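Going down the list, the sequences are from chains A and B.
To convert, note that position 243 of the first sequence is 243 in UniProt numbering; the numbers rise steadily by one, no gaps.
To convert, note that position 271 of the second sequence is 271 in UniProt numbering; the numbers rise steadily by one, no gaps.
Below: one structure, written as structure tokens.
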Amino acid sequence: MAAVWKRVRRERQIWLLCLPMIVWVLMFSYYPMYGLLISFQNYVPGHSMFSNWVGFDNFIRFFHEPNFLQIMRNTLVISGLNLLFGFPAPILLALLLNEVKGRAFKKTIQSLSYIPYFISWVVVANILITMLGSDGVLNDILIKLGFIDEPLAFLTNGNYFWGILVSSNVWKDMGFSAIIYLSAMAGIDKEQYEAGRVDGLGRFGLIRHITVPGIRSTAVLLFILAIGGILNAGFEQQLLIGNPLTQDHYEVIDTYVYRFGVQLGNYSYGTAVGLMKSLIGLVLVFIANRLSKRYMESSIF
Amino acid sequence: MKLRTNTALALGSVLLAGGLLAGCSGNGNDAADNGGDSKANTAANAQQNATDTAAAPKVNEFGWTIPDKTITVDYYTADKDNPDKVAKKLTAMHDYLLKNFNVDVKKTQYDVDGKEKLNLMLASNDYPGVMSAIDSDTIDKWRSQGKLIDLAPLVDKYGPNIKKELGDKYNSYLDADGKLWGIPRGWGLLPIPDNSAHIRWDWYQAMGAPKIETPDDYYNVLKQMVAAHPKNEQGQKTYAISWNDQVTDNLDSVLGIWGLKDGYKEDADHNLTHWLNTSEGLEAVKFYNRFYREGLMDPDSFLNKFDDWKLKFSNEQIIGHIGPWWQSWNAGHEVWKTTKPNWTDDQRYVQIALKAPGAEASYLSPKDTTGWNYTVITDKEAHPEDVIKFLDFEISPIGTRLLGWGIPNLPESTWTYNSDGTWAFTDAQKQKLFAGTFDSDKADEITGQNQIWLDHPQGLMSDDHKSTAWYDQNFNDEDKWKKMMNDNLKDTIYDNTARRIVFTADNPLTIVNQQIEDLIKTGFAKAVMSKTEDAAVQAFNDMQGKAVKLGLKDIEAFRTEEYKKNLAKLQ
Numbered sequence: 001m002a003a004v005w006k007r008v009r010r011e012r013q014i015w016l017l018c019l020p021m022i023v024w025v026l027m028f029s030y031y032p033m034y035g036l037l038i039s040f041q042n043y044v045p046g047h048s049m050f051s052n053w054v055g056f057d058n059f060i061r062f063f064h065e066p067n068f069l070q071i072m073r074n075t076l077v078i079s080g081l082n083l084l085f086g087f088p089a090p091i092l093l094a095l096l097l098n099e100v101k102g103r104a105f106k107k108t109i110q111s112l113s114y115i116p117y118f119i120s121w122v123v124v125a126n127i128l129i130t131m132l133g134s135d136g137v138l139n140d141i142l143i144k145l146g147f148i149d150e151p152l153a154f155l156t157n158g159n160y161f162w163g164i165l166v167s168s169n170v171w172k173d174m175g176f177s178a179i180i181y182l183s184a185m186a187g188i189d190k191e192q193y194e195a196g197r198v199d200g201l202g203r204f205g206l207i208r209h210i211t212v213p214g215i216r217s218t219a220v221l222l223f224i225l226a227i228g229g230i231l232n233a234g235f236e237q238q239l240l241i242g243n244p245l246t247q248d249h250y251e252v253i254d255t256y257v258y259r260f261g262v263q264l265g266n267y268s269y270g271t272a273v274g275l276m277k278s279l280i281g282l283v284l285v286f287i288a289n290r291l292s293k294r295y296m297e298s299s300i301f
Numbered sequence: 001m002k003l004r005t006n007t008a009l010a011l012g013s014v015l016l017a018g019g020l021l022a023g024c025s026g027n028g029n030d031a032a033d034n035g036g037d038s039k040a041n042t043a044a045n046a047q048q049n050a051t052d053t054a055a056a057p058k059v060n061e062f063g064w065t066i067p068d069k070t071i072t073v074d075y076y077t078a079d080k081d082n083p084d085k086v087a088k089k090l091t092a093m094h095d096y097l098l099k100n101f102n103v104d105v106k107k108t109q110y111d112v113d114g115k116e117k118l119n120l121m122l123a124s125n126d127y128p129g130v131m132s133a134i135d136s137d138t139i140d141k142w143r144s145q146g147k148l149i150d151l152a153p154l155v156d157k158y159g160p161n162i163k164k165e166l167g168d169k170y171n172s173y174l175d176a177d178g179k180l181w182g183i184p185r186g187w188g189l190l191p192i193p194d195n196s197a198h199i200r201w202d203w204y205q206a207m208g209a210p211k212i213e214t215p216d217d218y219y220n221v222l223k224q225m226v227a228a229h230p231k232n233e234q235g236q237k238t239y240a241i242s243w244n245d246q247v248t249d250n251l252d253s254v255l256g257i258w259g260l261k262d263g264y265k266e267d268a269d270h271n272l273t274h275w276l277n278t279s280e281g282l283e284a285v286k287f288y289n290r291f292y293r294e295g296l297m298d299p300d301s302f303l304n305k306f307d308d309w310k311l312k313f314s315n316e317q318i319i320g321h322i323g324p325w326w327q328s329w330n331a332g333h334e335v336w337k338t339t340k341p342n343w344t345d346d347q348r349y350v351q352i353a354l355k356a357p358g359a360e361a362s363y364l365s366p367k368d369t370t371g372w373n374y375t376v377i378t379d380k381e382a383h384p385e386d387v388i389k390f391l392d393f394e395i396s397p398i399g400t401r402l403l404g405w406g407i408p409n410l411p412e413s414t415w416t417y418n419s420d421g422t423w424a425f426t427d428a429q430k431q432k433l434f435a436g437t438f439d440s441d442k443a444d445e446i447t448g449q450n451q452i453w454l455d456h457p458q459g460l461m462s463d464d465h466k467s468t469a470w471y472d473q474n475f476n477d478e479d480k481w482k483k484m485m486n487d488n489l490k491d492t493i494y495d496n497t498a499r500r501i502v503f504t505a506d507n508p509l510t511i512v513n514q515q516i517e518d519l520i521k522t523g524f525a526k527a528v529m530s531k532t533e534d535a536a537v538q539a540f541n542d543m544q545g546k547a548v549k550l551g552l553k554d555i556e557a558f559r560t561e562e563y564k565k566n567l568a569k570l571q
């Protein structure tokens, strides 16, 4: 204990700098956690926070939900696809941008690439409906080119839904997520590249042997965090792009919690499902971290 | 130097943390400030009133006894709306009531889900003395926690008009112990249609106006119209019918064509059967599917957002429609009036009734006379008797006119009112209404129409049995097209009050009901959009099977039981 205090005293300036953030985290991330108690109750607003205990009933109820398997399937598939395509996409973009020599051109492309991140899902949904509706631009083009006779039901056929959702997620987030990789690349010692060139590495060789290893720890960190969020398959994009004909493909845990927990006033049930989701995410983070430590010799803790 | 660095860091951290905490408590301070202002106003009013106490009670031209002390009705309404817009529209009526009635009405409204806000209020014990737009389920929750006051004794003492206007129905609002927990708002029967079939009038006339009585007649006429007008002026494909993504919320009503009342078939003993368990439900699905199979239905019918759908309508891509009557007005000829240079009066949609062969009647417009919801008084209200006095005035015919039609005798007013109690509609505004140039938003701001709606009815007023609080619905017989619509649809309107069933949050069937509603939203769309009739029937049967598995029979049993209870209560 004494050693800890000694260390804190020694690093007091750093701790003082961190203090506001620590207060923020305690206030907004830890203090509200007492509300998780209601997942073990049949909570009625206005009643005591320490009454109507029902144990694990709310958790068990979710597993007995008739659409449980469909909800889990949608959540895992959408998240899995987001991870599969959404994780490498910003790395590829960052690698490509890093190779661009013209500074002005590079900055312009980079700025353009992260603009979609700032477009709200409401606008994105409207763009998609305009592009992909039966009277939309894409159907028009395909008909005019003679590929199809009748418009394709891109937005009302569940088979297309996952692809459209994941593509729009990747399009929206790719540019912004690339920033962190670009900053990691900026931190790579330039002498390594010179040494590589001297050793006869070409452009792809430099990427493979210097740039990629240089951003590996950043990529691992983000991958582990992404694994923790595997049950976060999105929310507003499902509600905005989805429609009754695609509900079988878009209902995920978060939309289910919103509709059955919040909208119907079943706060305890909604909290229980949310807590379960968070705990699974936490366990996945530990597993991913452990595996990464063992096989890639890189981890976040 | 080291000391200075440490001090600067410490100060910076404290300031940041302090700022954070101050930010968190900002709302509370704001609320306290508002409360302070409010107290200051009240104190000022009290002081003002104290100087007037010597004056005799004064009755204004509306028959309201102006109180010596300002009555404050400070209420939250759970209806969702933009607070800034609400405040702007309330100002005129607020000032008018304060000046002429000495009543200070303060309304709080948020752009958030009312039920969520009420739950937060209940959990935090922070709520006002009066709340409106409260549903039965919420009343139950608040009552059980002792937060509401029984209004029956207050109504007995201060609410003669409330009892008179509600008449025999008054007892139906009392609980088993004779207690009254809320006063209804928007109650009464307004016999105007809600839903209809729609037909493009000029094209229909050009066809020789063939008879349309049954769904098949309608299908045949629309099919011929599409053949005659396969593309609009922009070269886009036209459709016989189309919907927007709100259709599944209104599905039970559009099934009324097949004799189903609010989605249920009723036998002689008042037992209810859900449309999924009826042959009429299957017929309805097959009818709509036929449009889809033949390329006559907009393939985006379950996808269109209302604004996109409205654009398709105004672009003349949609020829017919089955749904709320106002939609083809709003999306069709009301747009053409302003956009088509050579628009003629018969270029419009007309609303008509359809009745399937074998159906006893077409039940397109269910009417619940109970009211939308209630106004309640909580234990935080210091002067509930004053609130009841104001509610008693509001529910009277003249109170309904004032709060419904807005401030009279202004240049922009919709009505004039004389001190002898006589009144008349303003002709200039009426003509604007007929011409489609009446600006209701402007009228709301200037005259405060229906900006305060605590307990006045939407049904016909008791003194003349023809006026209603909705200003624009008072001239249906004088407007040629509205009259035509009402004549066409008069037999499709029915009293559905006894079918008002409440699914409370603690009822296990509430979730089952929601699951079945979700299933129907998806299943109905899939069945209608099936490529063959067999596939449509299969989709219907699948939906029905899944619904039964989820507990449809339990829902039917629950609804039947509650319906019978309500019938007994209303008799």
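Backbone N, C-alpha and C fix where the C-beta goes; we use that ideal spot for every residue, glycine too.
Being a predicted model, the structure only gives us computed values, none of them experimental.
Close-in-space but distant-in-sequence residues of the same chain around residue i (CB under 7 Å, 5 per side omitted)
| i | result |
| --- | --- |
| ALA206 (chain B) | none |
| LEU95 (chain A) | ILE207 and THR211 |
| ALA152 (chain B) | LEU174, GLY178, LYS179 and LEU180 |
| GLN224 (chain B) | MET207 |
| LYS163 (chain B) | VAL155 and TYR170 |
| ALA178 (chain A) | PRO90, LEU93, ALA94, LEU97 and SER113 |
| VAL257 (chain A) | GLY270, VAL273 and GLY274 |
| GLY55 (chain A) | PHE40 |
Burial state of residue i (16 or more Cβ within 10 Å)
| i | result |
| --- | --- |
| ILE287 (chain A) | exposed |
| LYS261 (chain B) | buried |
| ALA469 (chain B) | buried |
| LEU145 (chain A) | exposed |
| ILE215 (chain A) | buried |
| residue 579 (chain B) | The first residue shown for chain B is 1 and the last is 571, placing residue 579 (chain B) beyond what the model contains. |
| LYS430 (chain B) | buried |
| GLN238 (chain A) | buried |
| ILE141 (chain A) | exposed |
| TRP53 (chain A) | exposed |
| TRP309 (chain B) | buried |
| ARG499 (chain B) | buried |
| GLY26 (chain B) | With a pLDDT of 40 at GLY26 (chain B), under the threshold of 50, the modelled position of this residue cannot be trusted; read the value that follows with caution. Exposed, since its Cβ has fewer than 16 Cβ neighbours within 10 Å. |
| PHE301 (chain A) | exposed |
| MET33 (chain A) | exposed |
| TYR31 (chain A) | exposed |
| ASP506 (chain B) | exposed |
Whole-Å CB distance - residue i paired with residue j, under 8 Å assumed
| i | j | result |
| --- | --- | --- |
| LYS305 (chain B) | PRO244 (chain A) | Not really, about 13 Å apart at Cβ, beyond 8 Å. |
| SER413 (chain B) | ASN195 (chain B) | With a Cβ gap of about 32 Å, SER413 (chain B) and ASN195 (chain B) do not count as contacting. |
| THR248 (chain B) | PHE524 (chain B) | 6 Å |
| ASN67 (chain A) | VAL252 (chain A) | With a Cβ gap of about 11 Å, ASN67 (chain A) and VAL252 (chain A) do not count as contacting. |
| ILE38 (chain A) | TYR267 (chain A) | 6 Å |
Other residues of its chain near residue i: CB distance less than 8 Å, five sequence neighbours each side excluded
| i | result |
| --- | --- |
| ILE139 (chain B) | LEU148, TRP181, GLY182, TYR374 and VAL376 |
| GLY259 (chain B) | LYS265, GLU280, LYS355, ALA356, GLY358, ALA359, GLU360, ALA361, SER362 and TYR363 |
Proximal residues to residue i (C-beta, below 6 Å), its chain only, five neighbours per side dropped
| i | result |
| --- | --- |
| ARG348 (chain B) | TRP201 and HIS333 |
| GLU478 (chain B) | none |
| SER396 (chain B) | ASN161 |
Residue i: CB within 7 Å of a non-hydrogen atom of the ligand COA
| i | result |
| --- | --- |
| ILE141 (chain A) | Looking at this structure, you won't find the ligand COA or any other ligand, since it has none at all. |
Anything in the segment 540-561 of chain B with a Cβ closer than 9 Å to a Cβ of chain C? List those residues in chain order, please.
Looking at the structure shown, chain C is missing, and the protein chains on hand are A and B.
To be precise: take each residue of the segment 206-239 of chain B, compare its Cβ to all Cβ atoms of chain A, and keep it if any distance is under 9 Å. Which residues remain?
GLN236 and LYS237
Enumerate, from N- to C-terminal direction, the unbroken beta strand (DSSP E) stretches of 3 or more residues contained entirely within the segment 267-305 of chain B.
272-274
Pick out the complete alpha helix (DSSP H) segments inside the segment 386-454 of chain B, 4 residues or longer, and give them in chain order.
397-405, 427-435 and 440-447
Every unbroken alpha helix (DSSP H) within the segment 194-222 of chain B, with a cutoff of 4 residues, ordered by chain:
201-206
Restricting to runs no shorter than 3 residues, where is the beta strand (DSSP E) found entirely within the segment 41-118 of chain B?
71-77 and 103-108
The segment 193-218 of chain A: which residues have C-beta closer than 8 Å to a C-beta of chain B, in chain order?
none
According to a CB-to-CB cut-off of less than 8 Å, which residues of the segment 509-524 of chain B neighbour chain A?
THR510, ILE511, GLN514, GLN515, ASP518, LYS521, THR522 and PHE524
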